[in-house]
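Student:
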Amino acid sequence: MEMEKGEIENSGIIEMDEIDKKIINKIQLEFPLSTRPFRDISNELNIPEEEVIERLKRLKSLGAIRRIGPIINTRKIGGSNTLVGVKVPEYDIERVAEFINNYTEVSHNYLRDADVNIWFTLSAPNRERIDEILQEIKDEFGYPILDLPTINQYKIQVYFDLK
Amino acid sequence: MENIGNYEKAYEMTENDLKIIRSLQDGIEFESNPYSKIASDLGMTEQEVVDAIKNLIDKKMIRRFGASIAHRKIGFVYNSMIVWDVPDEKTKEVGKIMASFKEVSHCYERPRFPDPPYNWPYNMFTMVHATSKEECEEMAKRISDATKIKNYKLIFSTREFKKTGVRI
Numbered sequence: 001m002e003m004e005k006g007e008i009e010n011s012g013i014i015e016m017d018e019i020d021k022k023i024i025n026k027i028q029l030e031f032p033l034s035t036r037p038f039r040d041i042s043n044e045l046n047i048p049e050e051e052v053i054e055r056l057k058r059l060k061s062l063g064a065i066r067r068i069g070p071i072i073n074t075r076k077i078g079g080s081n082t083l084v085g086v087k088v089p090e091y092d093i094e095r096v097a098e099f100i101n102n103y104t105e106v107s108h109n110y111l112r113d114a115d116v117n118i119w120f121t122l123s124a125p126n127r128e129r130i131d132e133i134l135q136e137i138k139d140e141f142g143y144p145i146l147d148l149p150t151i152n153q154y155k156i157q158v159y160f161d162l163k
Numbered sequence: 164m165e166n167i168g169n170y171e172k173a174y175e176m177t178e179n180d181l182k183i184i185r186s187l188q189d190g191i192e193f194e195s196n197p198y199s200k201i202a203s204d205l206g207m208t209e210q211e212v213v214d215a216i217k218n219l220i221d222k223k224m225i226r227r228f229g230a231s232i233a234h235r236k237i238g239f240v241y242n243s244m245i246v247w248d249v250p251d252e253k254t255k256e257v258g259k260i261m262a263s264f265k266e267v268s269h270c271y272e273r274p275r276f277p278d279p280p281y282n283w284p285y286n287m288f289t290m291v292h293a294t295s296k297e298e299c300e301e302m303a304k305r306i307s308d309a310t311k312i313k314n315y316k317l318i319f320s321t322r323e324f325k326k327t328g329v330r331i
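Protein sequence lines correspond, in order, to chains A and B.
Numbers 1 to 163, taken from the working numbering, label the letters of the first sequence in order.
Numbers 164 to 331, taken from the working numbering, label the letters of the second sequence in order.
#1: Indicate whether the contact test is met: 3 or more Cβ pairs, each with one atom in the stretch 254-263 of chain B and one in the stretch 203-214 of chain B, closer than 8 Å.
#2: According to the Cβ coordinates, are L219 (chain B) and P70 (chain A) closer than 8 Å?
#3: How close, in whole Å, do the beta carbons of A232 (chain B) and A309 (chain B) come, if the pair is a contact with beta carbons under 8 Å?
#4: Let me see if you follow: with CB-CB separation under 8 Å, is D131 (chain A) close to chain B or not?
#5: Between the Cα of Q157 (chain A) and the Cα atoms of A:L29, A:E18, A:I19, which residue gives the shortest distance?
#6: Determine, using beta carbons only, whether Y110 (chain A) and S268 (chain B) come nearer to each other than 8 Å.
#7: How big is the Cα-Cα spacing for M16 (chain A) and N286 (chain B)?
#8: Interface residues of chain B around P48 (chain A) at Cβ under 9 Å?
#9: What number of angstroms, rounded off, separates the C-alpha of K163 (chain A) from the C-alpha of A215 (chain B)?
#10: What are the boundary residues of the alpha helix (DSSP H) that includes E132 (chain A)?
#11: Could you name the residues of chain B that D113 (chain A) contacts, counting a contact when the two beta carbons are closer than 7 Å?
#12: Unbroken alpha helix (DSSP H) runs of length 4 or more, entirely within the stretch 239-281 of chain B: which are they?
#13: Compute the distance between the beta-carbons of K313 (chain B) and S307 (chain B), then report whether it is under 8 Å.
#14: Is it true that the CB of I318 (chain B) sits closer than 8 Å to the CB of V246 (chain B)?
#15: Any C-beta of chain A sitting closer than 8 Å to the C-beta of C299 (chain B)?
#16: Assuming Q210 (chain B) is part of the alpha helix (DSSP H), what are its boundary residues?
#17: What in chain B is Cβ-close to K57 (chain A), meaning under 8 Å?
#18: Go through its chain and collect everything with a Cβ distance to G79 (chain A)'s Cβ below 8 Å, but skip five positions before and after it.
#19: Using C-beta distances below 7 Å, list every residue in its chain close to I68 (chain A), excluding the 5 sequence neighbours before and after it, in chain order.
#20: Please confirm whether L187 (chain B) has its beta-carbon closer than 8 Å to some beta-carbon of chain A.
#21: Pick from A:E94, A:I41, A:A64, A:G63: whose alpha carbon is nearest that of I53 (chain A)?
#22: With DSSP collapsed to three states, give me the class of P149 (chain A).
#23: For a contact defined as C-beta to C-beta under 8 Å, what are the partners of E252 (chain B) on chain A?
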C-alpha cells in the first residue's frame, strides 16, 4: 500500500506495508544481538540497511515503536513490584492519574472500565519504598487501594503478530 | 529524578551490569553502529557491550532485548485484563492452562480482597490484546471453557496515562 510519510489514519492506527510488518515481527522477539543489528536484519529481509533504519525511524516517530532495548526482568533484579488498583470517582480521575504518573517507579498506568478503575504497576528497589508510595497516595486521596503483588507468574510473553 | 535505593545490592547485579542497563534502557539509536556511543561512554568496545547484553540475558536480568511496541498504534486496539476467581487449590493447574493460550501475554496469580470496600474476589489475571472487543470476549469464553472457571470479568483499558517500561 502506498502512503505518505507521517500519515496517520483517523483511528490512530498507523499504516504499514508488508515490509514494515516483517520488521516489527522480527524486532520484537528476535532482535539480532550483534554490533550491526540493522545490517543483520537487512540481510535477512533482503532490503538495504539504510532502508531498515529509515523505516524504523518512521515507525518510531509515529509512535508504533517505543524503543529498542532491554526488557528488564523485575522478578530477577531483586527489587519489589506490585500491581495496584484504585477505586476513584469519575470527577477525580485526572487528579489521581497525574499524581500517580509523577512517580518514576510507576511504569504503566491505565484507566479501565470497572469500579476499580485506575490500574498501575510499581517497581522499586524494596518493599518499603512501595509501601511509602501507597501510603502517600492513600494520604492524598483516601480512596480504596488494592495492592496486588504477584504470588505466581505463569506467563509473560508479549508478542504482537502482524499478519 | 533519580530512583531511591540500590539495585547494585540486588541479586547477582554487579555495578557494571547496572551501568550497562542504565545506558541502554531508554533504547538504542537507529543507526548502523547503535552501540558505538554507549561503548565509548563506558570505555568498552561495541562487541563487549553486545556480549554484556547476552550475559544479562543468560543471567535472566533482562527478559529479552528488542522492541517495545505501542500495540494500539499497530492495530491491537483492545487490551483486556481478564480477572478470574479461581479456587485456591486449583490455581497451579488453571494457571498452566491459561498460560498455554497463545493470545494470553501475561498470566499472574495475585491476592484477592473479597470484602468491602474492595469486593474483589479475583485472584488470577490474564492479559489479552486483540483488534476488537468481541475477539477479547471470545477468548475469555474459550479460556473459561477450558478451565471451567465461570466467575470472571473483562476489564478493558480505556486510556493510557503512562507506559515507560520498567527503569532502574
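In this text, a Cβ means the ideal position worked out from N, Cα and C, and glycines have one as well.
Tutor: Checking against the coordinates, here is how it stands:
#1: no
#2: As a working mapping, residue 219 (chain B) is identified with position 56 in the second sequence. As a working mapping, residue 70 (chain A) is identified with position 70 in the first sequence. Taking 8 Å as the Cβ cut-off, L219 (chain B) and P70 (chain A) qualify as a contacting pair.
#3: In the second sequence, counting from the first residue as 1, residue 232 (chain B) sits at position 69. In the second sequence, counting from the first residue as 1, residue 309 (chain B) sits at position 146. Checking the displayed sequence, the identity of residue 232 (chain B) turns out to be Ile instead of Ala. Incorrect: roughly 27 Å between the Cβ atoms, too far for contact.
#4: Here residue 131 (chain A) corresponds to residue number 131 of the first sequence, with the count starting at 1. Not closer than 8 Å to any Cβ of chain B, the Cβ of D131 (chain A) fails to qualify, so no.
#5: Numbered from 1 along the first sequence, position 157 holds the residue referred to as residue 157 (chain A). Checked all of A:L29, A:E18, A:I19; the closest Cα to Q157 (chain A) is A:L29.
#6: Position 110 of the first sequence, counted from the first residue, corresponds to residue 110 (chain A). Position 105 of the second sequence, counted from the first residue, corresponds to residue 268 (chain B). Cβ atoms of Y110 (chain A) and S268 (chain B): not closer than 8 Å.
#7: In the first sequence, counting from the first residue as 1, residue 16 (chain A) sits at position 16. In the second sequence, counting from the first residue as 1, residue 286 (chain B) sits at position 123. One C-alpha to the other measures close to 38 Å.
#8: Position 48 of the first sequence, counted from the start, is the residue given in the question as residue 48 (chain A). Within 9 Å Cβ-Cβ: nothing; P48 (chain A) doesn't reach chain B, min ~11 Å.
#9: Within the first sequence, numbered from 1, the residue matching residue 163 (chain A) stands at position 163. Within the second sequence, numbered from 1, the residue matching residue 215 (chain B) stands at position 52. When rounded, the distance between both Cα atoms is 33 Å.
#10: Along the first sequence, read from residue 1 onward, the residue named residue 132 (chain A) stands at position 132. From DSSP, the alpha helix (DSSP H) with E132 (chain A) extends over 127-141.
#11: Counting from one through the first sequence, the residue named residue 113 (chain A) turns up at place 113. Going along chain B in sequence order, the residues near D113 (chain A) (Cβ under 7 Å) are I318, F319, T321.
#12: 254-263
#13: On the second sequence, position 150 is the one that residue 313 (chain B) refers to. On the second sequence, position 144 is the one that residue 307 (chain B) refers to. Their beta carbons are under 8 Å apart, which means K313 (chain B) touches S307 (chain B) by this criterion.
#14: One-based indexing of the second sequence puts residue 246 (chain B) at position 83. One-based indexing of the second sequence puts residue 318 (chain B) at position 155. Closer than 8 Å, so yes.
#15: Locating residue 299 (chain B) in the second sequence gives position 136, counting from the first residue. Not closer than 8 Å to any Cβ of chain A, the Cβ of C299 (chain B) fails to qualify, so no.
#16: To locate residue 210 (chain B), count along the second sequence from 1; it is residue 47. First-last of the alpha helix (DSSP H) with Q210 (chain B): 209-221.
#17: For the purposes of this step, residue 57 (chain A) is identified with residue 57 of the first sequence, where counting begins at 1. Those are F193, listed as they occur along chain B.
#18: Position 79 of the first sequence, counted from the start, is the residue given in the question as residue 79 (chain A). Cβ neighbours of G79 (chain A) beyond the five flanking positions: S123, A124, P125, N126.
#19: As a first step, residue 68 (chain A) is located in the first sequence; it is residue number 68 there, counting from the start. Correct list, in chain order: I27, F31.
#20: Within the second sequence, numbered from 1, the residue matching residue 187 (chain B) stands at position 24. At least one chain A Cβ lies under 8 Å of L187 (chain B).
#21: Walking along the first sequence from the start, residue 53 (chain A) turns up at place 53. For the residues A:E94, A:I41, A:A64, A:G63, the minimum Cα distance to I53 (chain A) belongs to A:I41.
#22: Stepping through the first sequence from its first residue, residue 149 (chain A) is reached at position 149. Of the three classes helix, strand and coil, the one that applies to P149 (chain A) here is coil, per DSSP.
#23: Numbered from 1 along the second sequence, position 89 holds the residue referred to as residue 252 (chain B). None at all; the shortest Cβ gap to chain A is about 13 Å.
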